[in-house]
Each structure stands twice: as C-alpha cells, then as structure tokens.
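Report on the following structure.
2 protein chains.
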Amino acid sequence: MATIKVPEHVPSPAEDCEQLRKAFQGWGTNEDLIISILAHRNAAQRCLIRKTYAEIYGEDLLKELDKELSSDFERIVLLWTLQPAERDAFMANEATKRSTSNNLVIVEIACTRPLLELFKVRQAYHARFKKSLEEDVAYHTSGDIRKLLVPLVSSLRYEGDEVNKTLAKSEAKVLHEKIAGKEYNHEELIRILTTRSKAQLLATVNLYNNEYGNPINKDLKADPNDEYLKLLRTTIKCLTFPERHFAKVLRLAIDKMGTDEWALARVISSRAETDLERIKEEYYRRNSIPLDRAIAKDTSGDFEKMALELIGHGDA
Amino acid sequence: MATIKVPEHVPSPAEDCEQLRKAFQGWGTNEDLIISILAHRNAAQRCLIRKTYAEIYGEDLLKELDKELSSDFERIVLLWTLQPAERDAFMANEATKRSTSNNLVIVEIACTRPLLELFKVRQAYHARFKKSLEEDVAYHTSGDIRKLLVPLVSSLRYEGDEVNKTLAKSEAKVLHEKIAGKEYNHEELIRILTTRSKAQLLATVNLYNNEYGNPINKDLKADPNDEYLKLLRTTIKCLTFPERHFAKVLRLAIDKMGTDEWALARVISSRAETDLERIKEEYYRRNSIPLDRAIAKDTSGDFEKMALELIGHGDA
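For the record, the sequence lines run as chains A and B.
Each step along the first sequence adds one to the number in numbering that gives the first Met the number 0, with nothing skipped, and position 216 is 215.
Each step along the second sequence adds one to the number in numbering that gives the first Met the number 0, with nothing skipped, and position 18 is 17.
Here you go:
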C-alpha cells in the first residue's frame, strides 16, 4: 500500500507549475511550497507537471530543482520527481559506477520490481545512458559478483503463482548441497536464484528450512562480512520478503553513525507509491518505534519534512 | 523487406473464417483454399481471423488446422498462423526440449529479433509455458553452452547506433587475446558478445578483422564441428549480418540429403513479414539460383505451394 496523500482536488498542472516557479524565484527558495506540491502528487501527475513546466517555461523542472535545492533534500526531491522507471535506471547506473558503486542497490532493483516495471527500467536505461543495464553491470563487475548480478538484472522472471513441488524439493537439495560444501558460487545455485519465479523460489527456501533445519539465509552467513554472501542473502530476501528487506535498509540507515540519507531517500522515494505502508509495519515490528518518529528523531530540516510527507506522517 | 502479398481488398475476418470453415468441411481438406487465405494475410489480420473464428465457431483455429493438416505442410501453416512473439516462444521452447533440442534456434531468436519483439517473446513464453525462457534455457543446458545461451536470451541490448571506437578497439583486443589463447569460453569474451549493442559489436568485429588479419568467425573455426564454437559463430553472424545467417540456414536446409523442411518453415514463417526479400538477395548471391526456384526443385505438394506463396513467388 502506498503512503503518499494526494488531495481530493488537485490543482491543474499549469497551476502547480506556476506555484513551483514562484517557489524558485526571488531571494531564497520556498522549500515548503515545493514540498507541499510535489510530495502530494502521484507519478502520473508529476509527469504531467514536468511536461507542462517545460512547455510553459522552456526549462526542465529537474534542472530547476537541481539549481535551487542542495544536498540530501535535493536528492530526495529529485529522486521522487523522476518517474519510477527513470529513477531506477538512474540509481542503477549510479550503482555501477566506481565512485558510487553499490551492488546492493542493483540486487534490490532487480529483485523487487515487477516484470513490466523492470522492462521499463531497462528501456529507460537505454534512453538515458545509450547502453543497457546488463552491459554496464557486466562491464563494471567481475568474478562471483558478476556471475550473480548479470543474470539477476537480465532475467525477467515468470510472475505466476504456480509451484512445482517436486522441483522445489530437488532444488532445495541442490541449494543445501552447494551451501554445505561452501560452493556458494556454484552455477546451479546461481541458476536457481536468478531464474526461478518468486513463488517457486519461496517454496524452495521454505522446503530448505523444513528439511535442513535452518533458514537458508542463516546458512549463507558463514562469513557475515563477505560481500558476495551478503548479496546472495539480499537476493533471497528481496525475492521472498521484500518489505522486510526494505525495513532493514531503513533501520541500518537510521541506526548508522551519521544517518544514511541516501538510503532513506532511495527507499522512501521508490516505495512511497507501492508498499511503504507494509514496510512501515515491518519496521515497527522490528524496532518498536514507528518509522516516522525514528526519522523525525534522526534527520532534520527540509529533508525531514519531505521524507515525513512521503511516508504519510500523521497516520502513525 | 517483407515478401508476403496482401490483396488490396481483403475480405472481412468473418468472410475469411467462413471460407476456412468450408475448407475444413466435407470429404478431405481444401488445402489450396487455406493457402490462398492465410498466406495472404499479415500478422494483425491473422490475429483477427483467429479471434473471429473462435467467436463464430467456438473453436481454436490452430486446433482445427492441427486436426485437418499433416506433416511439414501442417508445420509451416501453424507456425505462420501464430503471432510472431507466440511463434518464437513456441520454437524456443521446442528448442530447449531434449527430443527437439536445437541451440542454434535459440541463438537465432535471441540475436535477430528487435528489443520490443524480444520482450513480447518473453511475455508470450510466460503466458504459454508458465515459466521464463531463460529459466528453461538455464535448466536444460550446462557448461559452456549454458554460459553463452543464458545471457544471450536474457539480455535486452541497446539498439542505438552510437559507437565507442576506443571501446571497440580495446574489446577487439580482448577477443583476439582470448581466441588466440583458445579461451573461447572466457567470461570476458562472453560478456562482450552477449551485452554489447549490435552497432558496437559490428565496429568491434570490423576492427578485429583490420587489426588481426582474419574475420573473427574464421578464427573461431578451429574445430568446425565443435558445437560451442558453432554457436559463437552463429551469435556473431546473427548480430552483425542476419540476412546472411538466414540465407545460409536456407542453403543448408535445401542442400541437405532429404530437405530440412522444419528449417525452411522456421525461416520462411518468421522472416516473410520482415526481411525475407533481403535474405532472398543474399541467397541468390551465394547460390546463383533464386530461392523460389531452389525451393520448387527441392520440395513438393502443399508445403511447396505454401512456402512459395510466403516468399513471394512470381517476383523472381
């Protein structure tokens, strides 16, 4: 469930643009006005606003925001204003670059977006970067991480809920054999995790738990700091229980010495229109404090205001 | 350029269905009537006919054709009647099965269809087989062939014509090093062939030819009967010069002891609405006999009639 609140009577895109233009003009920028508009428009509405802004003022709204805003507040507003597929393409591209490398973001996008959305992300990547996502991921990674990430970002999993129980059993056995033998990079293990449907994989990891006594992610924790193992665990978590994955990302971002606003901006902007309500529940279940209160305690200023509007502050 | 001829005044789908129904009824089947209708309707029209047939007679046209026709003629009519994405999904699925395994078909589909079409093929595969194409390919292959085929069917290459010459040069060098060292299954070689755009790859193999004195496919012929090497050559040919690949498939199908009607049916049905005109040129250039004459000499009966109608017999 989404968390953003769109007013019953939304001003026309032209009116919104006029207000935004006002917010940019004169001495200083009116951040509150920007938040009051953009945080309360859905993706289709924001898309129209951007189009209308370009028509009326001949400028790209994103460039204006970039000019007027700064630091973490700029980041969350820009990410939010982008269309979902554009946003994912942008974040994935950033994640493949050396200076902003972040393989977890790649796994997260590849494993939590629905099929049609993934296709749009790959199209948006082509349009913006004149290359394909898998091309950049393959080029910028190597070894085991490449072996895992390239098929992860390339595959378009079947989305039906049919489960083949015999297959689940035999593949749970394969996973257990490879993990027990510490062959974490075995091609069969990678094949299963990167190609099976979410429903099938859920059945497989449940059988794994039943048959071999441990949740699979516990068995994949041999070396908690090994990046490849961490990505394997993230893959499984994102495919089988995405809300818990996101709740954990939020927890780590907030608990960190010096809050990780980038992680907050990523999760909030990409989930506020889909399942952030469920993520908030998971967050509360694990941390005994509502997400909005945790964020209010840990962040400040315009970033805090924007984040709270997007997570539907006031419900909590 | 397409080769099929659609009449200027096409009967309504209901009229076509009525004629088809007549062709199925009574003693024997009127194959000529079936050919005269289906071979002269484009994909959108055939789709409408199928829909209309189900509405009027409550039967699936494909099942009727399956019941009424037989052997190679049935094969080419059924393949032709399917929508392009359905046809590719069907052929790719067949190609992953042990009894009808054909890795060349998988390479051909993955490397010659445009981006949007490939996405539709993968959707059609989901819809029909309740699994993903990459899932089946990964499950049914192993070793080097899996290492090549899974990324081939999974990637959605960038389709722009931008070329990075520096990159082409460095990757031509990588390809040459790996091939010279007989490391044909090296992950860098596979990465380049499976992720780069067609324009970029064309520049790379041209540079390879200029710098190292041989066309890359010649250097990949160390063991002409090795299946993996054959698939590598097919990959490169399909990506850089698809018409020549198809012309060769046709030549081998015709020259074979006992014509390979399945290969003919595959190429003709899948190219008649796209580039079969160009393929015919390539065929003539290499064999000094027009494709229609070669097919007329080598096949017979209803299969011959259908094939000739689809390749635009009478132009030659």
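The beta carbon of each residue, even a glycine, is placed where N, CA and C say it ideally should be.
Compare the C-beta of residue i against all C-beta atoms of chain B and say whether one is closer than 9 Å.
i: H39 of chain A; result: no
i: V149 of chain A; result: yes
i: A53 of chain A; result: no
i: G311 of chain A; result: no
i: G180 of chain A; result: no
i: H125 of chain A; result: yes
i: S169 of chain A; result: no
i: L68 of chain A; result: no
i: L114 of chain A; result: yes
i: Y138 of chain A; result: yes
i: R317 of chain A; result: A question about residue 317 of chain A goes unanswered here, because the residues of chain A that appear run from 0 up to 315.
For residue i versus residue j, is the C-beta distance shorter than 9 Å?
i: E116 of chain B; j: P83 of chain B; result: yes
i: T234 of chain B; j: V106 of chain B; result: yes
i: L200 of chain A; j: L192 of chain A; result: yes
i: R23 of chain B; j: E93 of chain B; result: In the sequence on display, residue 23 of chain B carries Phe and not Arg. Contact flag unset, no.
i: A246 of chain B; j: R284 of chain B; result: yes
i: M305 of chain B; j: F72 of chain B; result: yes
i: K197 of chain B; j: R156 of chain B; result: yes
i: R112 of chain B; j: T80 of chain B; result: no
i: N216 of chain A; j: R195 of chain A; result: no
i: H125 of chain B; j: K96 of chain B; result: no
i: A53 of chain B; j: L60 of chain B; result: yes
i: Y227 of chain A; j: D143 of chain A; result: yes
i: I278 of chain B; j: L309 of chain B; result: no
i: A1 of chain A; j: L275 of chain A; result: yes
i: I108 of chain A; j: D87 of chain A; result: yes
i: K4 of chain B; j: H39 of chain B; result: yes
i: L77 of chain B; j: K229 of chain B; result: no
i: C110 of chain B; j: P241 of chain B; result: yes
i: L19 of chain B; j: L37 of chain B; result: yes
i: S11 of chain B; j: S154 of chain A; result: no
i: T203 of chain B; j: A167 of chain B; result: yes
i: N184 of chain A; j: K146 of chain A; result: yes
i: E272 of chain B; j: N101 of chain B; result: no
i: R243 of chain A; j: E303 of chain A; result: no
i: I294 of chain B; j: L307 of chain B; result: yes
i: T258 of chain A; j: D218 of chain A; result: no
Determine, for residue i, whether the minimum Cβ-Cβ distance to residues of chain A falls below 9 Å.
i: F89 of chain B; result: no
i: T234 of chain B; result: no
i: K172 of chain B; result: no
i: A315 of chain B; result: Any reading at A315 of chain B must be qualified, since the residue scores a pLDDT of 38, below 50, and its modelled position is unreliable; the value itself is stated next. A315 of chain B does not count as touching chain A.
i: Q18 of chain B; result: no
i: S131 of chain B; result: yes
i: S100 of chain B; result: no
i: G159 of chain B; result: yes
i: F245 of chain B; result: no
i: T193 of chain B; result: yes
i: R190 of chain B; result: yes
i: F118 of chain B; result: yes
i: E176 of chain B; result: no
i: E85 of chain B; result: no
i: E210 of chain B; result: no
i: Q44 of chain B; result: no
i: S287 of chain B; result: no
Is there a Cβ of chain D sitting closer than 9 Å to that of residue i, yes or no?
i: Y183 of chain A; result: The structure shown has no chain D; the protein chains it does contain are A and B.
Let me check you understand the geometry: is the CB of residue i closer than 8 Å to at least one non-hydrogen atom of the ligand SAH?
i: P113 of chain B; result: Annotation note on the ligand SAH: not contained in the displayed structure, which lists no ligands.
Q.
Assess contact between the segment 123-141 of chain B and the segment 169-180 of chain B, defined as three or more Cβ pairs (one per stretch) separated by less than 8 Å. Is contact present?
A. no
Q. For the segment 253-299 of chain B, which segments carrying the alpha helix (DSSP H) assignment without a break, of at least 4 residues, lie completely within its bounds, in sequence order?
A. Listed in chain order, they are 260-270, 275-286 and 290-297.
Q) Any chance the segment 206-226 of chain B sits against the segment 244-258 of chain B, with 3 or more Cβ pairs inside 8 Å? A) Contact between the segment 206-226 of chain B and the segment 244-258 of chain B is absent, because fewer than three Cβ pairs lie under 8 Å.
(Q) Pairs of beta-carbons, one from the segment 211-224 of chain B and one from the segment 256-269 of chain B, closer than 8 Å: are there three or more? (A) no
Q. Which runs of the alpha helix (DSSP H) spanning at least 4 residues fall entirely within the segment 68-147 of chain A, listed in chain order?
A. 70-80, 83-95, 102-111, 114-128 and 132-139
**Q.** beta strand (DSSP E) runs contained entirely in the segment 159-222 of chain A, provided each spans 3 or more residues
**A.** none
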